[in-house]
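Positions 551 to 721 (our numbering) are the ones given, in order, by the sequence shown. See structure below.
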Amino acid sequence: MRVVLIVAATIMLTAADDVSSEQYSAREGLIGHGGIFKLLDWTDYELAMISSLHATASYPELMKLVKQKLVDAELHASERRRIERMLIALRPPAVFNNFLNEAEKQKIRKAHSHRDIEYILGTINKKIEQLPPTQKSEAVNYMLSHSPAMPDDVNYERRRSSMCIKRRLYI
Numbered sequence: 551m552r553v554v555l556i557v558a559a560t561i562m563l564t565a566a567d568d569v570s571s572e573q574y575s576a577r578e579g580l581i582g583h584g585g586i587f588k589l590l591d592w593t594d595y596e597l598a599m600i601s602s603l604h605a606t607a608s609y610p611e612l613m614k615l616v617k618q619k620l621v622d623a624e625l626h627a628s629e630r631r632r633i634e635r636m637l638i639a640l641r642p643p644a645v646f647n648n649f650l651n652e653a654e655k656q657k658i659r660k661a662h663s664h665r666d667i668e669y670i671l672g673t674i675n676k677k678i679e680q681l682p683p684t685q686k687s688e689a690v691n692y693m694l695s696h697s698p699a700m701p702d703d704v705n706y707e708r709r710r711s712s713m714c715i716k717r718r719l720y721i
């Protein structure tokens with residue numbers, strides 16, 4: 551299970567190093583998932599909410615938010631279909647329906663506001679460790695397959711191959 555923590559920490563710390571001298575903008579998060587969600591008109595509040603939902607592994611809630619945004623959006627039919635297909639591909643396993651309790655989410659939100667990645671990853675890792683083997687496998691597969699990676703990042707290929715190797719070793 552330490553694989554998830556190691557992979558996620560490597561990715562997040564690399565990203566943190568890249569922006570350590572710059573001010574982070576919530577809009578930068580829109581480059582994830584191939585930038586497809588740039589098609590939707592997000593407010594700064596909504597982007598902060600998305601970031602918080604990612605940090606707390608509240609993926610079902612995140613999906614509801616994006617689906618509602620899609621309903622309200624004025625998009626070309628082809629753009630709408632692209633986003634709908636992405637939502638299907640990103641659908642989280644049931645293990646995330648009640649993954650963290652409200653107290654744990656609140657602590658993670660506080661850590662998130664202070665950019666305390668170690669605490670967030672540690673908490674998520676502990677929760678995954680407590681899951682039955684089948685659910686643990688589902689959670690690990692989902693998180694690893696949806697971990698952020700930037701193609702223009704010089705370490706992208708190294709991290710990508712490392713994730714594949716670690717996933718095979720763990721599962």
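Glycine residues also receive a C-beta, built at the ideal position from the N, C-alpha and C atoms.
| query | result |
| --- | --- |
| Within 10 Å of its beta-carbon, does Y595 have 16 or more other beta-carbons around it, so buried, or fewer, so exposed? | exposed |
| Rounded to the nearest angstrom, how far is the Cβ of V645 from that of Q680, given a contact under 8 Å? | Not a contact, Cβ separation roughly 11 Å. |
| Using the C-alpha atoms, what's the distance from T606 back to K676? | 13 Å |
| Can you find the residues in the same chain that come closer than 8 Å, C-beta to C-beta, to R659, ignoring five residues on each side of it along the sequence? | S602, A605, T606 |
| Apply the 10 Å Cβ neighbour rule to I638 and answer buried if 16 or more other Cβ atoms are within range, or exposed otherwise. | exposed |
| State whether the region 625-632 contacts the region 645-655, with contact taken as three or more CB pairs (one from each stretch) at a distance under 8 Å. | no |
| Do the CB positions of G584 and I600 come within less than 8 Å of each other? | no |
| Could you give the DSSP three-state label for R641: helix, strand or coil? | coil |
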